[in-house]
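Trainee: Count the sequence shown with our numbering and you get residues 14 to 279, in order.
Heads up, the beta-carbon is just placed ideally off N, CA and C, and yes, glycines get one too.
Below is the structure I would like to discuss, written out as structure tokens.
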Amino acid sequence: MKIAIIGTGNLGKSIAKGLIKSQNFNSLYLTKRNVSELNDLPKHENIIITSNNSEAIQNSDVLIFAVQPKQLEEILFQSKKYINKEQLVISTITGFSIEKIEHILGQGFSIIRAMPNTAIAVEKSMTCISANTNDSSKITIAESIFNQLGNSMIIPENLMQAATVVCASGIAFWMRLIRATTQAAIQLGFDAKEAQELAMFTSEGAANLLIQSGNHPEQEIDKVTTPKGCTIEGLNEMEHKGLSSSLIQGMVASFNKINTIKKEQI
Numbered sequence: 014m015k016i017a018i019i020g021t022g023n024l025g026k027s028i029a030k031g032l033i034k035s036q037n038f039n040s041l042y043l044t045k046r047n048v049s050e051l052n053d054l055p056k057h058e059n060i061i062i063t064s065n066n067s068e069a070i071q072n073s074d075v076l077i078f079a080v081q082p083k084q085l086e087e088i089l090f091q092s093k094k095y096i097n098k099e100q101l102v103i104s105t106i107t108g109f110s111i112e113k114i115e116h117i118l119g120q121g122f123s124i125i126r127a128m129p130n131t132a133i134a135v136e137k138s139m140t141c142i143s144a145n146t147n148d149s150s151k152i153t154i155a156e157s158i159f160n161q162l163g164n165s166m167i168i169p170e171n172l173m174q175a176a177t178v179v180c181a182s183g184i185a186f187w188m189r190l191i192r193a194t195t196q197a198a199i200q201l202g203f204d205a206k207e208a209q210e211l212a213m214f215t216s217e218g219a220a221n222l223l224i225q226s227g228n229h230p231e232q233e234i235d236k237v238t239t240p241k242g243c244t245i246e247g248l249n250e251m252e253h254k255g256l257s258s259s260l261i262q263g264m265v266a267s268f269n270k271i272n273t274i275k276k277e278q279i
């Protein structure tokens, strides 16, 4: 598999690091205007760092566009004469629809939108994928790339905005919950470093319980709560103060904002 990452900024570099670790490619082109910013990546004869997008595109089977949203349209117009219908085009750009990419490239191209989150930097991203193709081999290629960087899920494109809230913005929401847990632990007597460590690894443990068991969260909560115990006392107080409803309302507000921004861009 010959892969090109067009725009190797923070996200592109994280994808590159995952691919380099897996060695699941025959060649890997990485493009960036200032190539010196990629000097920290491993040196290998099959890894080509260049500022020439057309060179990378013409020598690759899979094209991953990871540029800034405002740059994508211009780069696609500049590059479309080099892109052929045998290649797989993957866009990681928020708010740039498959239809809009098709409008630039034309019909008949295999196009996939992928929405990773910042945990891709530690190979723990939850990446949502939408495709304009029923070619299972092309979809499998995209899955194989992003499964090396965490987990992936195939979704219809009309859910991509919602996925942005749950998975991409979701990182910030979970960080805020971890921060609140840290602050509570400090108030209960732990120092700041200890408090954050307790919060981080407890949240990781909770997630892994669900991942490995497949249980509903309430099943795991029932294992921890006892009649008239401290856990149910704390849970009830949190719910009285609106924990669940605040989180839900915040995510809905975030979703509404995304759709407002999208309308303004049209």
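1. Are the region 140 to 156 and the region 27 to 36 touching, with three or more C-beta to C-beta distances below 8 Å?
2. Measuring only the C-alpha atoms, how far is residue 210 from residue 182?
3. Report the rounded CA-to-CA distance for residue 105 versus residue 207, giving the unit in angstroms.
4. When you compare only the Cα positions, how much space is there between residue 135 and residue 231?
5. Quick one: give me the first and last residue of the alpha helix (DSSP H) that residue 188 is part of.
6. Check whether the Cβ of residue 182 sits closer than 7 Å to any heavy atom of the ligand FMN, and report yes or no.
7. At what residue ranges does the region 24 to 86 contain a whole run of the beta strand (DSSP E), taking only runs of 3 or more?
8. Just list the residues that DSSP pairs residue 102 with in beta bridges.
9. Are the CB atoms of residue 131 and residue 191 within a distance shorter than 8 Å?
10. Quick one: Cα of residue 69 to Cα of residue 93, how far?
11. Do you know how far the Cα of residue 179 is from the Cα of residue 254?
12. Under DSSP, the alpha helix (DSSP H) around residue 150 begins and ends at which residues?
13. Identify the residues that DSSP records as bridge partners of residue 165: which are they?
14. According to DSSP, which residues form a beta bridge with residue 212?
15. Who are the Cβ neighbours of residue 169 in its own chain at under 8 Å, not counting the five residues just before and after it?
16. So, residue 19 versus residue 78, is the Cβ gap smaller than 8 Å?
17. Using alpha carbons as the reference points, say which of 64, 21 and 227 lies closest to residue 54.
Mentor: The structure says:
1. no
2. 22 Å
3. 36 Å
4. 29 Å
5. 183 to 200
6. Only the bare structure without any ligand can be found here, which leaves the ligand FMN out of the picture.
7. 40 to 44, 60 to 63 and 75 to 78
8. 76 and 124
9. No Cβ-Cβ contact shorter than 8 Å links residue 191 with residue 131.
10. 13 Å
11. 22 Å
12. 149 to 160
13. 140
14. None; residue 212 has no bridge partner.
15. 143
16. Their beta carbons are under 8 Å apart, which means residue 19 touches residue 78 by this criterion.
17. 21
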